[in-house]
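>
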Amino acid sequence: FNNLLLAALAVPVLFSACKKDDDHHKKDDSTPPTITINDPKQSHYDLGDTISVNVVIKDQHELHEAYCWFIAQPQQDTLWYLKRHSHSATITFESYYVAKDMPDEQKVDFVVFAENEAGKTATAKHSFELHHH
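As structure tokens, this is what we get:
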């Protein structure tokens with residue numbers, strides 16, 4: 001009987017493990033997450049450079065997920081991306097991207113998107129160019 005009771009209690013936990021739950025937050029909470037892009041920060045990089053990624057995303061209550069991308073412009077080609085899922089108040093991206101096989105003066109957008117548990121979103125962007133040596 002105890003095992004049956006434990007199994008019955010575990011089932012709702014499995015189905016609600018990652019549900020956005022507005023009950024934990026004020027329904028009128030209109031504050032989106034804050035995004036700080038520490039890197040990349042230069043206006044241009046050379047092909048072959050290792051481009052550091054350092055982004056800190058914070059929320060007053062709880063974040064849900066965040067993404068960051070390097071996107072070639074105007075082609076809209078995704079060159080690289082990361083995704084994080086979290087239920088904490090902070091998500092940090094620390095990684096890198098090696099720029100290669102691109103035309104000279106290729107424009108690239110580094111885009112960050114974050115969503116908190118209340119469904120509020122924020123986006124930040126840093127644009128730069130890639131140059132041949």
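Residue numbering for the sequence shown follows this note's numbering, starting at 1 and increasing by one per position. For each residue, glycine too, the CB sits at the ideal point set by N, CA and C. Everything numeric in this text was worked out from a predicted model, so none of it was measured.
Would you say the segment 116-126 touches the segment 76-84, given that touching needs at least three Cβ pairs under 8 Å?
no
> Let me confirm a value: residue 97 is counted as buried when at least 16 other C-beta atoms fall within 10 Å, else exposed. Which label applies?
The residue given as residue 97 occupies position 97 in the sequence shown. Classification for residue 97: buried.
> Grab me the residues of residue 37's own chain with a C-beta within less than 6 Å of its C-beta, minus the 5 sequence neighbours each way, in chain order.
The count along the sequence shown starts at 1 and reaches residue 37 at position 37. 55, 124 and 126, listed in sequence order.
> Taking buried to mean at least 16 other C-beta atoms within 10 Å of its own C-beta, is residue 40 buried or exposed?
Translated into the one-based positions of the sequence shown, residue 40 becomes position 40. Answer is buried; the Cβ neighbour count reaches 16.
> How is the beta strand (DSSP E) around residue 127 delimited, first residue to last?
For this step, residue 127 is matched to residue 127 along the sequence shown. It spans 121-131 - the beta strand (DSSP E) in which residue 127 sits, taken as one unbroken run.
> According to DSSP, which residues form a beta bridge with residue 90?
Translated into positions along the sequence shown, residue 90 becomes position 90. Looking at the DSSP output, residue 90 sits in a beta bridge with 58.
> Express the C-alpha separation of residue 61 and residue 95 in angstroms, rounding to a whole number.
To locate residue 95, count along the sequence shown from 1; it is residue 95. To locate residue 61, count along the sequence shown from 1; it is residue 61. Here the C-alpha atom of residue 95 lies approximately 25 Å from the C-alpha atom of residue 61.
> Who are the near neighbours of residue 25 in its chain, counting only those whose CB is closer than 7 Å to its CB and skipping five residues on each side?
Reading the sequence shown from its first residue, position 25 is the one you call residue 25. Its pLDDT being 47, under 50, residue 25 is placed unreliably in this model, and the coordinates cannot settle the point.
> Examine the ligand MG and report whether any of its heavy atoms sits within less than 7 Å of the Cβ of residue 95.
The ligand content of the structure shown is nil, which means the ligand MG is not present either.
> Between residue 43 and residue 120, how many whole angstroms is the CB-CB distance? I'm expecting something under 8 Å.
By 1-based counting over the sequence shown, the position of residue 43 is 43. By 1-based counting over the sequence shown, the position of residue 120 is 120. Wrong, their Cβ atoms sit about 31 Å apart, outside the cutoff.
> Using the Cα positions of residue 77 and residue 92, report the straight-line distance between them to the nearest angstrom.
Here the question's residue 77 lines up with position 77 in the sequence shown. Here the question's residue 92 lines up with position 92 in the sequence shown. Spanning the two alpha carbons is a distance of roughly 24 Å.
> Evaluate residue 59 with the Cβ neighbour count: other Cβ atoms within 10 Å of its Cβ, from every protein chain shown; 16 or more gives buried, anything less gives exposed.
The residue labelled residue 59 in the question sits at position 59 within the sequence shown. Classification for residue 59: buried.
> What does a CB cutoff of less than 8 Å around residue 105 pick up in its chain, not counting 5 residues either side in sequence?
Here the question's residue 105 lines up with position 105 in the sequence shown. Cβ neighbours of residue 105 beyond the five flanking positions: 129, 130 and 131.
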